[in-house]
Amino acid sequence: MHDAGGLVYMDGANMNALVGVARPGDMGVDVIHLNLHKTFSTPHGGGGPGSGPVCCTKELEPFLPVPRIVITGSGIDRVFTLDFDYPQSIGRVKAFLGNYGMMLRALAYTLTHGYDGLREATEAAVLNARYIAHGLQADYEKPFDAAPMHEVVFTDKRQARKGVHTLDIAKRLIDYGFHPMTIYFPLIVSGAMLIEPTESVGRQELDQFIEAMRSIAREAIEDPELVMNAPHTTRIGRLDEAAAARRPVLRWRPKAVDTEPKPVGVARG
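With our numbering applied, the sequence shown covers 8 to 276.
Written as structure tokens, this is what we have:
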């Protein structure tokens, strides 16, 4: 790519298998963004703000946004100023400061763990994914033979013979007390189940998850209707997902209040 005069952009959405082990710059990457919510502890689900730095090579540094923070002096005499004098800069971007709280949290996480701790987290994430891969390979179809890194993909190919599909397996997993894995992604894998345990899951929970998935695989053979009608332990069963996609309800509204006057009873006797 470089020989042809091009630049390389790397999607750093998930660095769980690379931190402390490999450096994108050594791979010839010119620009990369880091999703702090995937690898560096900041919130993601439930509306957590996405945030992260964009890193680039020295050759692209003149084009970065302004202003730049310039530090002079040292210790308590340090002075911070803003410098706009970069004629090749793309200019100021609207969200210049980003989500400061997320940046600070990720920085604290990084400094707390240090190099050894971050590398250990990477190794644990990969080990956990491979542990699950080994534990489920006898019950679920694994589309790729290579050892997984921080996540492993299975499919519903074996279960589909009995009419049980990925969505059914995910719904049934709720009955076992687990939040379902990512389903139908990556898109190039039919019936995909993307399992990503991360470094924070312990051996006991991994074993519980594996046993739950094995149990569902047995149910798919012995009692497929049980799986296809899951979940059974929640207040609401199967939702009409097609209707939800076409007519989403995105905010809560109170029920209409009847304002008509009611007749008042009269005591007798």
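Heads up, the beta-carbon is just placed ideally off N, CA and C, and yes, glycines get one too.
Task: DSSP-derived helix/strand/coil call for H40 - done: strand
Task: N- and C-terminal bounds of the alpha helix (DSSP H) containing R253 - done: 248-253
TODO: Can you say whether A274 is buried or exposed, counting buried as having 16 or more other CB atoms within 10 angstroms of its CB?
DONE: Any reading at A274 needs caution, since the residue's pLDDT is 49, under 50, leaving its predicted position unreliable; the model's value is listed next. When all chains shown are included, A274 counts as exposed.
TODO: Go ahead and label E226 buried or exposed: buried means 16 or more other beta carbons lie within 10 angstroms of its beta carbon, across all protein chains shown.
DONE: buried
Open item on the list: If contacts are defined as beta-carbon pairs under 8 Å, then T162 and M200 qualify, I think. What distance do you get, rounded to the angstrom?
Closed with: 7 Å
- [ ] Sort out for me which residues DSSP pairs M200 with in a bridge.
- [x] F161, I190
TODO: List the whole-angstrom C-beta distance separating G198 from K149, where the pair is believed to meet the contact cut-off of C-beta under 8 Å.
DONE: G198 to K149, Cβ: 12 Å. No contact.
TODO: Counting only the same chain and skipping the five closest in sequence on each side, list residues whose C-beta sits under 6 Å from that of G13.
DONE: none
TODO: Within 10 angstroms of the Cβ of A113, are there 16 or more other Cβ atoms? Answer buried if so, exposed if not.
DONE: buried
Open item on the list: Could you compute how far the alpha carbon of V256 sits from the alpha carbon of A20?
Closed with: 29 Å
Task: M17 - DSSP class collapsed to helix/strand/coil - done: strand
- [ ] Specify the secondary structure class of T64 as computed by DSSP and reduced to three states.
- [x] coil
Task: Residue nearest to F91 in terms of C-alpha spacing, selected from D123, P72, I228 - done: P72
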